[in-house]
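*Asks:*
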Amino acid sequence: MRLTIRINGSDSATRHAYAVLWVDTKEGLWSREAHQGIDLPSWGKVRNVEGAMALCAADSGNAVCQLKGLSFSAMQRDHGPAVLAGEHPDGAWRLQAVDRSTAEPEYEEFISVAR
């Protein structure tokens, strides 16, 4: 399953900041498709951590963002709080699209990473 998720800042200094992500729950990978003001790596690995989907850096495995209430096992809701690493940690996420198709990716190189 592939998800499109938008993350926004929540305080007055970061309200207009955003990042749009694509998450592949089958492969356990995510990629940043667009952003302004929320500086996330261009891609990484996804982990399920205590009722949250953790977006981890590809090189270190450290979580750069946690999407509370979103997990691999159950879509508990379509929005919730986001905890970002960095200077402005409070944010919010919103599920924008769910793709349940089983089409194979065009480029296999993206998914051939060590997990």
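Taking the UniProt record's numbering, the leading residue of the sequence shown gets 1, the next gets one more, and so forth.
Virtual Cβ for every residue (Gly too), placed ideally from N, Cα, C.
1. Identify every residue that forms a DSSP beta bridge with V98.
2. Let's see if you can read the secondary structure: which residues bound the beta strand (DSSP E) around G44?
3. Identify which residue in D90, K26, A34 and L95 has its Cα closest to the Cα of R15.
4. How big is the Cα-Cα spacing for R100 and R2?
5. Leaving aside the five residues before and after L40 along the sequence, list all residues of the same chain whose C-beta is less than 6 angstroms from its C-beta, in chain order.
6. Apply the 10 Å Cβ neighbour rule to A82 and answer buried if 16 or more other Cβ atoms are within range, or exposed otherwise.
7. For L84 and T102, what's the separation of their Cα atoms in angstroms?
8. Looking at S42 and A92, is the spacing between their C-beta atoms short of 9 angstroms?
*Replies:* Well, looking at it:
1. Note: V98 sits in a beta bridge opposite L3.
2. Run containing G44: W43 to V49, per the beta strand (DSSP E) assignment.
3. Answer by Cα proximity: D90.
4. Distance between the alpha carbons of R100 and R2: 7 angstroms.
5. For L40, same chain residues with a beta-carbon under 6 angstroms away, outside a window of 5 residues either side, are A19, R32 and V64 in chain order.
6. Per the 10 Å Cβ criterion, buried.
7. In a straight line, the C-alpha of L84 is about 31 angstroms away from that of T102.
8. Their beta carbons are not under 9 angstroms apart, which means A92 does not touch S42 by this criterion.
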